[in-house]
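>
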Amino acid sequence: MDYQKLIEEVYDEIQKENPRGKVATYIPELANVDPDQFGIALVDLKGNVFGVGDYQTAFSIQSVSKVHTLAMVFHVFKSKLWSRVNVEPSGNPFNSIAQLEFEKGIPRNPFINAGALVITDALYSKFERPTDQISDFINELSGRSCVRINQEVKESEKNHAERNTALAYFLKAHKNFDNKVEDVLDVYFAQCAIEMSCEDLAKSFSFLANDGYSIFAKREIVSESHARRINALMLTCGFYDESGEFAFRVGLPGKSGVGGGIAAVMPHKFSVAVWCPELNDKGNSVKSIKALELLTDKLKFSLF
Ligand code: GLU
């Protein structure tokens, strides 16, 4: 399979069609990004990198980091984690407060904000220098020191933190949050403000395409069964309230972020990251989704 040719075809077709959306503005600093950037990187299981467009430009990975933090705590807490967070698609916006109230402080899944806050709270309890250790972990997965936390994005988000703060206090009221809200939010905003390129992001997801073993870190990151579970969660919950649509149209486990990035995996074949900042009204990148749809169409296979 000539992956380079494939992603170049995908890139060219999308640029010709040029579907547009809107850059996220609820984190003001994210609105300053050049909306015309678009890149695709695909990494096979031998570590070969195929890239097109702005695939080496660093961007704000935002919620894609929720997969990394989940992988960090999964083997620490094992099944105990699932008494604090459910594993059901949400069908509601990622920062919904109503759903958390209805479900008595147990978030629907680890990829909506409430669930990710529980995961970061768990991580905060176990790791001494959580923010540094998240960066170290992602650097290790990517095989090089690539992670940069954009302090402006972090501060911008901190200054508009009403909903996330409300979610965290709500979790605390339901005794599902152990640490100080401000301390955990500081780590959470740092992880969301991580910047890295499509190439490095695809590398950091490679272990999920490879039964939990990272060829870049040269070690098992999670067990094979945990890798399968993370992939199942990405397939059912990775795209806000558009997860069903993504599974239907693309058929790959993946996670999106409001920075416009998506990382996805084709188990036993490759990992891929796509980035373009303009989003649809569900918060997913218009071009990134379209690119992955075209990719699996052209490949004539997905998970299914
Ligand atoms: N930092 C964002 C928030 O918590 C992440 C949103 C996202 O990418 O889904 O609102």
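The sequence shown begins at 979 in this note's numbering and counts up by one.
For every residue, glycine included, the Cβ atom is placed at its ideal position computed from N, Cα and C.
1. I need the DSSP call for L1281, collapsed to helix, strand or coil.
2. Going by Cα to Cα distance, which pick from L1230, E1079, S1074, P1088 is closest to I1060?
3. Do the stretch 982–1001 and the stretch 1211–1218 meet, that is, are 3 or more Cβ pairs less than 8 Å apart?
4. What distance in whole Å lies between the Cβ atoms of A1146 and V1162, which are believed to be in contact at a cut-off of 8 Å?
5. With 16 as the cutoff for other CB atoms within 10 Å, does F1226 come out buried or exposed?
6. Considering only residues of the same chain and omitting the five flanking positions on each side of M1244, which have a CB-CB separation below 7 Å?
7. Mind checking which residues open and close the alpha helix (DSSP H) that includes K1104?
8. Can you grab the Cα-Cα spacing for the pair T1003 / K1132, in whole Å?
9. Our contact map puts A1036 next to S1175 with C-beta atoms below 8 Å; I'd like the distance itself, whole angstroms only.
10. Which ranges does the alpha helix (DSSP H) cover as unbroken runs of at least 4 residues, wholly within the stretch 1153–1192, from first to last along the chain?
11. State the Cα-Cα distance for the pair F1105 and E1135, rounded to the nearest angstrom.
12. Let's test the definition: count the other Cβ atoms within 10 Å of the Cβ of F1279 and tell me whether it reaches 16, buried, or not, exposed.
13. For R1107, is the classification buried or exposed, using 16 other Cβ atoms within 10 angstroms of its Cβ as the cut-off for buried?
14. Which runs of the beta strand (DSSP E), 3 residues or longer, sit entirely within the stretch 1183–1243?
15. Say whether the stretch 1177–1193 touches the stretch 1119–1126, bearing in mind that this needs 3 or more beta-carbon pairs closer than 8 Å, one atom from each stretch.
16. Let me know the secondary structure DSSP gives L1020 once reduced to three states.
17. Using a threshold of 7 Å, is the CB atom of Q1034 nearer than that to any non-hydrogen atom of the ligand GLU?
18. Under the rule that 16 or more other beta-carbon atoms within 10 Å means buried, what is D1012, buried or exposed?
19. Since I believe L1257 is in contact with G999 (beta carbons under 8 Å), could you give me their beta-carbon distance rounded to a whole number of angstroms?
20. Could you check if R1197 is buried or exposed, using at least 16 other CB atoms within 10 Å of its CB as the buried criterion?
21. Could you tell me how far apart the beta carbons of V1228 and L1179 are, in whole angstroms, since I believe they sit closer than 8 Å?
22. Do you know whose CA, among A1210, E1177, P1255, L1273, lies nearest V1021's CA?
23. Verify whether the separation of the beta carbon atoms of I1127 and T1047 is less than 8 Å.
24. According to DSSP, K1000 sits in a beta bridge with which residue or residues?
25. State the Cα-Cα distance for the pair K1058 and V1051, rounded to the nearest angstrom.
26. Select from L1213, L1273, R1086, A1168 the residue whose C-alpha is nearest the C-alpha of S1043.
27. Is L1211 closer than 8 Å to V988 when the C-beta atoms are compared?
28. How many angstroms separate the CA atom of C1170 from the CA atom of T1098?
29. With DSSP collapsed to three states, give me the class of I1127.
30. Taking 7 Å as the cut-off, does the CB of F1155 come closer than this to any heavy atom belonging to the ligand GLU?
On the basis of the supplied data:
1. coil
2. Correcting the residue type first, residue 1060 is Trp in the shown sequence and not Ile. Closest option to W1060, Cα to Cα, is P1088.
3. no
4. 7 Å
5. exposed
6. A1187, L1230
7. 1091–1104
8. 14 Å
9. 5 Å
10. 1159–1170, 1176–1182, 1184–1187
11. 23 Å
12. exposed
13. exposed
14. 1232–1234
15. yes
16. strand
17. no
18. exposed
19. 5 Å
20. exposed
21. V1228 to L1179, Cβ: 17 Å. No contact.
22. E1177
23. no
24. L1257
25. 11 Å
26. A1168
27. no
28. 11 Å
29. strand
30. no
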